[in-house]
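In the working numbering, the protein residues as written are 2 to 179.
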């Protein structure tokens with residue numbers, strides 16, 4: 002009987018301790034996913050996913066994040082409609098942009114995550130440099146930016162493609178909490 006009580010007590014303490022030190026971050030609603038080609042700019046919303054991140058345990062950190070393509074916002078309804086269309090993102094056929102990263106490392110004053118970006122049905126390896134600023138034990142802020150060539154992902158655009166440009170800078174600001 003004493004052994005069962007001890008095991009029950011030990012198990013409870015172990016699971017409570019694991020819950021307290023979890024590094025599973027929830028994405029807060031006030032995130033920003035912005036893009037800029039120099040000639041076209043806007044944002045996406047509809048971000049969702051899992052972020053496991055511990056600066057002291059990068060080997061066990063990971064992320065799997067998606068963005069809803071149909072949420073593109075350029076500030077112009079006509080541009081939004083074209084961006085969602087077949088010539089650009091084709092939101093009906095490819096409804097999400099997905100990044101899966103599991104190779105974290107220190108990089109300068111911050112970090113780098115290497116992983117796979119799936120956009121418009123094409124998956125490519127990319128590195129995303131970022132910083133993480135903790136705000137106490139229960140919240141923090143991820144910030145990063147990277148550039149992709151839209152043509153690498155099969156987004157040729159229509160006759161306006163030459164105007165928009167190929168290189169797209171993505172800026173991320175993702176507040177998180179536990």
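Glycine included, each C-beta is placed from N, C-alpha and C at the ideal position.
All values derive from a computational prediction rather than experimental measurement.
Please name the residue, chosen from the options, that lies closest to residue i on a Cα-to-Cα basis.
i, options, result
"residue 28", "67, 41 and 61", "67"
"residue 108", "133, 87 and 80", "133"
"residue 167", "119, 79 and 148", "148"
"residue 41", "144, 140 and 89", "89"
"residue 57", "87, 153 and 111", "111"
"residue 169", "177, 179, 157 and 175", "157"
"residue 130", "53, 171, 98 and 50", "171"
Around the C-beta of residue i, are 16 or more other C-beta atoms found within 10 angstroms, so that it is buried, or is it exposed?
i, result
"residue 151", "buried"
"residue 62", "buried"
"residue 135", "exposed"
"residue 12", "With a pLDDT of 39 at residue 12, under the threshold of 50, the modelled position of that residue is not reliable, and the figure given next carries that caveat. Result: exposed."
"residue 155", "exposed"
Bridge partners of residue i, per DSSP?
i, result
"residue 187", "Outside the modelled stretch of the chain, which goes from 2 to 179, sits residue 187, for which no answer is possible."
"residue 176", "142"
"residue 166", "The partner list for residue 166 (beta bridge, DSSP) is empty, contrary to what the question assumes."
Per DSSP, what kind of secondary structure is residue i in: helix, strand or coil?
i, result
"residue 180", "No answer is possible for residue 180: the residues shown for the chain start at 2 and end at 179."
"residue 82", "helix"
"residue 22", "Reliability of the predicted coordinates at residue 22 is poor, the pLDDT of 47 falling under 50, and the value obtained from them is presented with this limitation in mind. Of the three classes helix, strand and coil, the one that applies to residue 22 here is coil, per DSSP."
"residue 61", "helix"
With a cut-off of 8 Å, do at least 3 Cβ pairs link the stretch 116 to 135 to the stretch 75 to 88? no
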